[in-house]
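Residue 44 is where the sequence shown starts when you use my numbering, and the numbers rise one by one after that. Notes follow once the structure below has been shown.
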Amino acid sequence: MEYLKKHIRDVYDFPKKGIVFKDLTTLFKEPRGLHIIGWDLSQLYRDKGITKVVGIESRGFIGGSILAFELGAGFVPVRKPGKLPADTIKMSYDKEYGTDTIEIHRDAITEDDIVVIHDDVLATGGTMAAAYDLVKSMKPKKIYINFIIELTALNGRAALPADAEVTSLISF
Ligand code: AMP
């Protein structure tokens, strides 16, 4: 954990004033960092029978792909509107200002799947809550929620469904 924490960079006032952005590129660029992330994330789900890892655009694609590879599972992207080429289902959610929408391919998840939804950082939880609803509407057997980093002061867990199993590697 010390290695991971040491290689996560705090960027002040990004993307806007007052935000301390947790930058994981400084961890991912280290071969050892990438290896530890893959190993530590996969250890959380080894015995769960995971068939699909859903990664949230765009920073969730990196850890999500590594996790899927380590578990021998498939990878499914959740993207911003208009990016996925085939038939999609959508979910809109409230942000600080206005609303946002995310999409997933309609045929990406089946009722036989056991799914982990992954994003890099849990902040307010709004994005993950919408991704959870999106995946849930496809009726998989079970859904787990995973982050590399959890920003505990923002209490994002309160925005996530009470029955969801939420795990993060590192808390700040
Ligand atoms: P949320 O507020 O939980 O819906 O977060 C929205 C998205 O922005 C998520 O994909 C997070 O990974 C990202 N995000 C929010 N706050 C931060 C932060 N302080 N550092 C890095 N990423 C963040």
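We put the CB at the ideal spot given by N, CA and C, even for glycine.
- For Thr68, the enclosing alpha helix (DSSP H) covers residues Thr68 to Phe71.
- With a 10 Å radius around the Cβ and a threshold of 16 neighbouring Cβ atoms, Val54 comes out exposed.
- Within a 10 Å sphere around the beta-carbon of Pro204 sit fewer than 16 other beta-carbons, which makes this residue exposed.
- Annotation: the continuous beta strand (DSSP E) that includes Leu212 extends over Glu208 to Ser214.
- Non-local C-beta neighbours of Leu194 in its own chain, meaning closer than 7 angstroms and more than five positions away in sequence, comprise Val164, Leu165, Ala166 and Phe215, ordered along the chain.
- In the pairwise beta carbon analysis, the stretch 125-132 is classified as touching the stretch 143-155: at least three pairs are separated by under 8 angstroms.
- Judged by their CB atoms, Gly98 and Gly92 are not nearer to each other than the 7 angstroms cut-off.
- Secondary structure at Ser135: strand, using DSSP grouped into helix, strand and coil.
- Listed as beta-bridge partners of Ile51 by DSSP are no residues whatsoever.
- For Pro120, the uninterrupted beta strand (DSSP E) run begins and ends at Gly117 to Val121, by DSSP.
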